[in-house]
Each structure stands twice: as C-alpha cells, then as structure tokens.
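Student: Below is a structure I'd like to ask you about.
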Amino acid sequence: AVVSTQSTGIHPNTLACNNPVQYESRSAMPLDETNNESYRYLRSVGNMWQFDPEDLHPKMISRLYKRFDTFDLDSDGRMDMDEILYWPDRMRQLVNATDEQVEKMRSAVHTFFFNKGV
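In this note's numbering, the protein residues as written are 1 to 118.
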C-alpha cells in the first residue's frame with residue numbers, strides 16, 4: 001500500500017505525515033521474499049505472514065506518522081537514510097555513547113531501515 005497526500009503538491013508516493021492521508025493499493029512492487037530480506041527469512045522458516053497496512057489500528061498509524069515526522073529532519077515530506085542515520089549520532093549527546101557504540105547503532109539502524117525499504 002502507498003500512502004498519498006491530498007492536495008499538498010507532494011508526490012503521491014511520498015509519505016507526508018502532517019497532512020491528511022489516504023491509503024491506496026499498489027500492485028507495482030509489493031514487498032515479498034523476492035525483494036525484502038525480512039520476508040525472505042520468514043519464508044525460509046516456513047512462515048507465510050504478510051503485512052497488511054489496511055489492518056493497522058488507528059493509534060498505531062498515528063504513532064508511525066509521529067515517528068516519521070521525527071525522522072524527517074528537513075520537513076520535505078520524504079525520509080532518506082541520511083536523515084535516519086542522524087539519530088545514532090544523537091545518541092552520543094543523549095547518553096554519552098562511545099564511537100564504537102554509535103557505529104554499532106548506525107549499522108543496526110541502517111540494516112533495519114534498509115530492509116523496511118528506505
């Protein structure tokens with residue numbers, strides 16, 4: 001599924017959380033074991049679970065939009081890996097993390113969000 005904004009001038013395939021949204025089905029490239037590491041793992045262990053964005057609780061959707069707005073540092077309505085990888089560096093300031101801890105977190109964050117399609 002794709003989240004598109006209504007009358008914002010933002011590309012329809014861009015998630016913009018400060019605006020009203022409408023869910024649309026997208027069959028062009030659904031995530032599955034052929035293009036997503038997480039689904040590949042699930043299939044390898046016999047699990048056929050498939051994420052259904054239409055089956056999310058409204059509170060979860062709200063929380064996801066809030067998180068998106070937190071990661072979208074330049075407020076352009078698009079989230080890229082550079083913006084996401086800012087947060088492990090922020091850990092250095094918040095908890096006095098060492099360079100090694102920050103690099104370990106950056107690697108984990110990169111892997112996680114890469115597999116989520118960012």
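Positions of the beta carbon are idealized from the N, C-alpha and C atoms, including for glycine. In this text, all values refer to a predicted model and were calculated from it rather than measured experimentally.
With DSSP as the reference, label Q50 as helix, strand or coil.
Tutor: coil
Student: Count the other C-beta atoms from every protein chain shown that fall within 10 angstroms of the C-beta of P53, then say buried if there are 16 or more, exposed otherwise.
Tutor: exposed
Student: Where does L85 sit, in a helix, a strand or coil, going by DSSP?
Tutor: coil
Student: Using C-beta distances below 6 Å, list every residue in its chain close to F140, excluding the 5 sequence neighbours before and after it, in chain order.
Tutor: Given that the chain is displayed from residue 1 to residue 118, the structure contains no residue 140 and the question cannot be resolved.
Student: Mapping DSSP to helix, strand and coil, what is M91?
Tutor: Residue state, collapsed to three classes: helix.
Student: Suppose you measure from the CA of A97 to the CA of D89; what does that come to, to the nearest Å?
Tutor: 9 Å
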